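Residue numbers (the working numbering): 437 to 940.
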């Protein structure tokens, strides 16, 4: 029963002001109801925040039924003081509805005809909520002091009444009142009929009806098949909403966490395979941390639909995984990638690259790195930079910072020293006079290659003069032959034959 009978307050009072006690166990949003019967028809002044739900006066034996209600807001004191328009002798009943608030009321008290048994029918109440509990309130006005018996209206149960054996004063009749309840599941207007008070004499009935709805908070929130605190097998936690087949704390296999909402076949923390992390939102067929094949890093990446996390991926992560900036650095590090190198197209990381990229060298077109380059470097006919010119004029080894034109081969293919500056660009000075071997990183133009691969042509006059020196010295023929063999080393065979013939 939603009316907390155990904590209700009732009794007889007389005077010009009445402090009605507040029932225990009421919380914010709950309803507090007070109704009175009196020999008279006073005008009542309730405290601020109270609603007059209706009052009616029966002139047959001069009796009034007045009903008031209030929604608990936490500002109430231990009592509520009501003032009648004159001095009155009354009987009151003060009760509350823990977990329920007022939804609607008839807004008046119905006055029946003079009958025996006395009928206690009401007018209509139109609930606002689809699920409410109706509370019927009835009081008889009888012309003598004999006792009677209440009957609840049709469909109502949980009948309770105040004592009917003690009058307020010898001259007054019995001050009897009763209540009963009924669950209601529509918003169709409804009334209470069939309620009676059976006494030896006839009289008139006064009755009204109110509707109460369940609250989201309070001691317990009932939904579906859930039960309230009084009928639960164990104490319910006020922060847990029970729905459907959910169970309360007492019957759960483990203590429920007040932060977990149970719906459908969900289980509480105690039966889960592992404590869930509140930082991870699971959707679809996702699993918690304990059953995942790898620990998900919620702050490092947002994985696309078909992507896998780093821990259970079969290989290096591919471009199908959408990674944020922090996750990218983490993923690259796990695969041994060097984030300082930006590779284009179908580039590979340093581990599988053919050779390290030389970032100082700018390659044109579909350029390749130094190890696999077969074509010239950029700058086909452009003048060399100032730094390159200075380097070109040095007598030491040339460095990779010098750009040469044409489809040059490198120095290792040159069979002889270059002759003075044939084939070199305008801005370069002679390289042939360099005293050291040129490095393999220098490219030469086509004309330079031609010049380099040509046989070193020595002056004929110088050659004859050189050979004649040996003859004029009267050296032995054997010495002459040795000298000639040395000369052969610097000449092509055709030229050598011709010169030897002349020398001989």
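Just so you know, even glycine gets a beta-carbon here, dropped at the ideal spot from N, CA and C. None of these values were measured; they are calculated from a predicted model.
Within the DSSP secondary-structure output, residue 574 pairs in a beta bridge with 614 and 643. By the Cβ-count criterion, residue 473 is buried, with 16 or more other Cβ atoms from all chains shown falling within 10 Å of its own Cβ.
Out of 437, 555, 562 and 529, the CA that lies nearest to the CA of residue 585 is found in 555.
If you check the CB distance, residue 481 and residue 519 come in under 8 Å.
Taking the Cβ atoms as the reference, residue 650 lies roughly 6 Å from residue 535, within the contact range of under 8 Å. Classified as exposed, residue 450 has fewer than 16 neighbouring CB atoms from the shown chains inside 10 Å of its CB. CA-to-CA, the gap between residue 564 and residue 467 works out to about 16 Å. Within the DSSP bridge table, the entry for residue 529 names 446 and 471 as partners.
The C-alpha of residue 623 lies about 30 Å from the C-alpha of residue 493. Within the region 485-526, no run of alpha helix (DSSP H) reaches 4 residues while sitting entirely inside it.
Of the candidates 478, 462 and 489, the residue whose Cα lies closest to the Cα of residue 470 is 489. Taking residue 524 as the centre and dropping the five residues before and after it, the same chain places the C-beta of 474, 476 and 478 closer than 6 Å to its C-beta, in chain order. For the pair residue 630 and residue 643, the CB atoms are not nearer than the 8 Å cut-off. Looking at the DSSP output, residue 619 shares a beta bridge with 569. Per DSSP, the continuous beta strand (DSSP E) segment holding residue 457 begins and ends at 454-457.
Rounded to the nearest angstrom, the gap between the Cα atoms of residue 550 and residue 577 is 9 Å.
Residue 538 is a Cβ neighbour of residue 505, given a cutoff of 8 Å.
Non-local beta-carbon contacts of residue 456 in its own chain, meaning distances under 8 Å to residues more than five positions away in sequence, involve 445, 470, 515, 516, 517, 518, 528 and 530 in chain order. When DSSP states are grouped into helix, strand and coil, residue 626 belongs to the strand group. Contact between residue 561 and residue 541 holds: CB atoms are separated by about 6 Å, below the 8 Å threshold. DSSP places residue 552 in the coil class of the three-state scheme, outside both helix and strand. Non-local beta-carbon contacts of residue 634 in its own chain, meaning distances under 6 Å to residues more than five positions away in sequence, involve 553, 584 and 585 in chain order. For residue 586, the three-state secondary structure derived from DSSP is strand.
The shortest CA-to-CA distance from residue 612 to any of 574, 498 and 463 is the one to 574. The C-beta distance from residue 441 to residue 617 rounds to 11 Å, too long to fall under 8 Å, and the pair is not in contact.
In the three-state scheme derived from DSSP, where H, G and I count as helix and E and B as strand, residue 597 is classed as strand.
For residue 466, there is no enclosing beta strand (DSSP E), as DSSP marks it with neither H nor E. Residue 628 sits close to residue 589, with the two beta carbons spaced by under 8 Å.
By the CB criterion at 8 Å, residue 484 and residue 639 fall outside the cutoff. Here residue 634 carries a strand assignment [DSSP, helix/strand/coil]. When only Cα atoms are considered, residue 522 and residue 548 end up about 26 Å apart.
With a 10 Å radius around the Cβ and a threshold of 16 neighbouring Cβ atoms, residue 641 comes out buried.
Residue 621 is positioned such that its CB atom lies closer than 8 Å to that of residue 566.
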